[in-house]
């Protein structure tokens, strides 16, 4: 039997950078907002709060013009990168899968053109991002623009607190800025639970989910065209409940059946929530399908650290991995707030977030020591500076054009 091969997924490495661009953009927009508010200090706010408010609100048009220029540049880079990931890398996945299976089956691969399908995927995903993120950020209607709404609210709240004597000018600015920074800039997307997603979280979810969907779709499309309807479901040390029972096994998109060759029932993805956000291959699922010809291919060698992982253990590991991700997000958040505190020249908060950063790093280290299946990835704790995400995107685009 032919040796089964699992293709590396290079697409997700690049698609993650699209989310990074939006995350960095949101942070830079907030930092620019802070710099504008702090311009010329807070003495005027303390002495003449209404005049200070008028001057700051008069700055809104200039601030928005700067933001629009920056947003157009960043979203242009992100969209260009995403288009190339989906169209070019998606086509490679389709052709490589098709050629490999045709050789295994001794058939000639069909001459089908999937480029229109890939273009449709790319357009749909970025249409969602554009409609629910970009359009509001670029709006000249300040009542709809989340950045301008945040800026105006910070100004008005700070003035109200100074006039009422509740806080000094510095306290009012710093407290209000940090409150809004914690909220983030909201997108127009509200999920079924009624939660309004931030612009960067929504953009990351859409682009990464679309990338995994294309990756799996191109593989299954190529295989089904050659009559192969069974797939190997990748195995991870940590898994969501919907995936845990079928990972490391052969599955089908059609009706389940018993395989004498494999010695077990080949389950249908439909039985595991396929097509739903929390089901198999749903939103943020990192599993992938690889075509598997029963009786021709042999199952891959499972790494030693994964061999004895039961579905129950994989689900428990998934819970611990979720803890790791929570610590990683906390570390990024601490770094972000620490940068903001430095811009605000807030010594108390600088000390506070340095302390929180040390605690979260220590907690993450303890979790990793206690669970050897977890591995540290410093990129998930990184706050991108100096256009690193954009630099990656441009280099990726150059390679594609070469």
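Residue numbers (full-length UniProt numbering): 1 to 402. The beta carbon of each residue, even a glycine, is placed where N, CA and C say it ideally should be.
Which residues in the same chain have their Cβ closer than 6 Å to the Cβ of residue 151, if we skip the five residues on either side of it in sequence? Looking up residue 151 in the chain shown gives position 151. Excluding its 5 nearest sequence neighbours in each direction, residue 151 has C-beta neighbours in its own chain below 6 Å: 33, listed in chain order.
Where residue 37 and residue 131 are concerned, what is the direct C-alpha to C-alpha distance, given to the nearest angstrom? For this step, residue 37 is matched to residue 37 along the chain shown. For this step, residue 131 is matched to residue 131 along the chain shown. In this model, residue 37 and residue 131 are separated by some 29 Å (Cα to Cα).
Label residue 163 either buried or exposed according to how many other C-beta atoms from any shown protein chain fall within 10 Å of its C-beta, with 16 as the threshold for buried. Here residue 163 refers to the residue found at position 163 of the chain shown. Counting Cβ neighbours within 10 Å, residue 163 comes out exposed, since fewer than 16 surround it.
Exposed or buried, residue 403, counting other C-beta atoms within 10 Å across all chains shown (16 or more means buried)? Residue numbering for the chain in the displayed model covers 1 to 402; residue 403 lies beyond these limits and cannot be assessed.
According to DSSP, is residue 138 part of a helix, a strand, or is it coil? Taking the chain shown and counting its residues from 1, one reaches residue 138 at position 138. In the structure shown, the three-state DSSP call for residue 138 is coil.
Is it the case that the stretch 176 to 192 contacts the stretch 57 to 66, given that we only count it when at least three CB pairs across the two stretches are under 8 Å? The stretch 57 to 66 makes no contact with the stretch 176 to 192: fewer than 3 CB pairs, one atom from each, lie closer than 8 Å.
With respect to the alpha helix (DSSP H) encompassing residue 211, which residues constitute its N-terminal and C-terminal limits? By 1-based counting over the chain shown, the position of residue 211 is 211. Its alpha helix (DSSP H) spans residues 199 to 225.
What residue does the alpha helix (DSSP H) around residue 364 start on, and which one ends it? On the chain shown, position 364 is the one that residue 364 refers to. The continuous alpha helix (DSSP H) containing residue 364 extends over residues 347 to 370.
Below 7 Å CB to CB, which residues in the same chain sit around residue 99 once its five sequence neighbours on both sides are set aside? Reading the chain shown from its first residue, position 99 is the one you call residue 99. Within its own chain, the residues whose Cβ lies closer than 7 Å to the Cβ of residue 99, once the five positions on either side in sequence are excluded, are 109, listed in chain order.
C-beta atoms of residue 367 and residue 336 nearer than 8 Å: In the chain shown, the residue the question calls residue 367 occupies position 367. In the chain shown, the residue the question calls residue 336 occupies position 336. In terms of Cβ geometry, residue 367 and residue 336 do not form a close pair [threshold 8 Å].
State the start and end residues of the unbroken beta strand (DSSP E) segment that holds residue 289. The residue given as residue 289 occupies position 289 in the chain shown. For residue 289, the enclosing beta strand (DSSP E) stretches over residues 289 to 291.
Quick one: give me the first and last residue of the beta strand (DSSP E) that residue 146 is part of. Translated into the one-based positions of the chain shown, residue 146 becomes position 146. Segment 146 to 163 is the alpha helix (DSSP H) holding residue 146; no beta strand (DSSP E) there.
Only counting runs of 4 or more residues, tell me where the alpha helix (DSSP H) segments fall wholly within the stretch 53 to 86, in order along the chain. Complete alpha helix (DSSP H) runs here, min 4: 60 to 84.
Would you mind stating whether residue 291 and residue 91 have Cβ atoms separated by less than 8 Å? Residue 291 sits at position 291 when you count from the first residue of the chain shown. Residue 91 sits at position 91 when you count from the first residue of the chain shown. Not a contact, by the Cβ cut-off of 8 Å.
Which one or two residues does DSSP pair with residue 406 in a beta bridge? Here the chain comprises residues numbered 1 to 402, so residue 406 is not present and cannot be evaluated.
Exposed or buried, residue 279, counting other C-beta atoms within 10 Å across all chains shown (16 or more means buried)? Counting from 1 along the chain shown, the entry for residue 279 is found at position 279. So residue 279 counts as buried.
Do residue 252 and residue 234 have their C-beta atoms closer together than 8 Å? For this step, residue 252 is matched to residue 252 along the chain shown. For this step, residue 234 is matched to residue 234 along the chain shown. Not closer than 8 Å, so no.
State whether the stretch 18 to 30 contacts the stretch 190 to 208, with contact taken as three or more CB pairs (one from each stretch) at a distance under 8 Å. Touching, per the Cβ criterion.
Figure out for me which residue from 369, 195, 127, 105 has the closest Cα to the Cα of residue 79. If you number the chain shown from 1, residue 79 lands on position 79. Comparing Cα positions, the closest option is 127.
Put residue 230 into one of helix, strand or coil per three-state DSSP. For the purposes of this step, residue 230 is taken as residue 230 along the chain shown, with counting starting at 1. DSSP places residue 230 in strand when its eight states are reduced to three.
Which residues in the same chain as residue 104 place their Cβ atom closer than 8 Å to its Cβ, once the five residues preceding and following it in sequence are excluded? In the chain shown, residue 104 corresponds to position 104, counting from 1. Correct list, in chain order: 2, 293, 296, 297.
Local Cβ density within 10 Å of residue 211, reported as buried at 16 or more and exposed below that: The sequence position of residue 211 within the chain shown is 211, counting from 1. By the 10 Å Cβ count, residue 211 comes out buried.
Residue 28 versus 71, 60, 57, residue with shortest Cα-Cα distance: Here residue 28 refers to the residue found at position 28 of the chain shown. Nearest C-alpha to residue 28 among 71, 60, 57: 71.
If you measure between the beta carbons of residue 321 and residue 238, is that distance less than 8 Å? For this step, residue 321 is matched to residue 321 along the chain shown. For this step, residue 238 is matched to residue 238 along the chain shown. Yes.
Can you tell me whether DSSP reads residue 4 as helix, strand or coil? The residue given as residue 4 occupies position 4 in the chain shown. Model confidence at residue 4 stands at a pLDDT of 45, short of 50, so the residue's coordinates are unreliable and nothing is read from them.
Where does residue 176 fall in DSSP's three states? Here residue 176 refers to the residue found at position 176 of the chain shown. Helix.
Exposure label - residue 277; buried when at least 16 CB within 10 Å: Residue mapping note: residue 277 aligns to position 277 of the chain shown, counting from 1. It counts as exposed.
Looking at C-beta atoms only, is the number of pairs between the stretch 215 to 233 and the stretch 142 to 150 that lie closer than 8 Å three or more? Cβ pair count under 8 Å is below three, so no.
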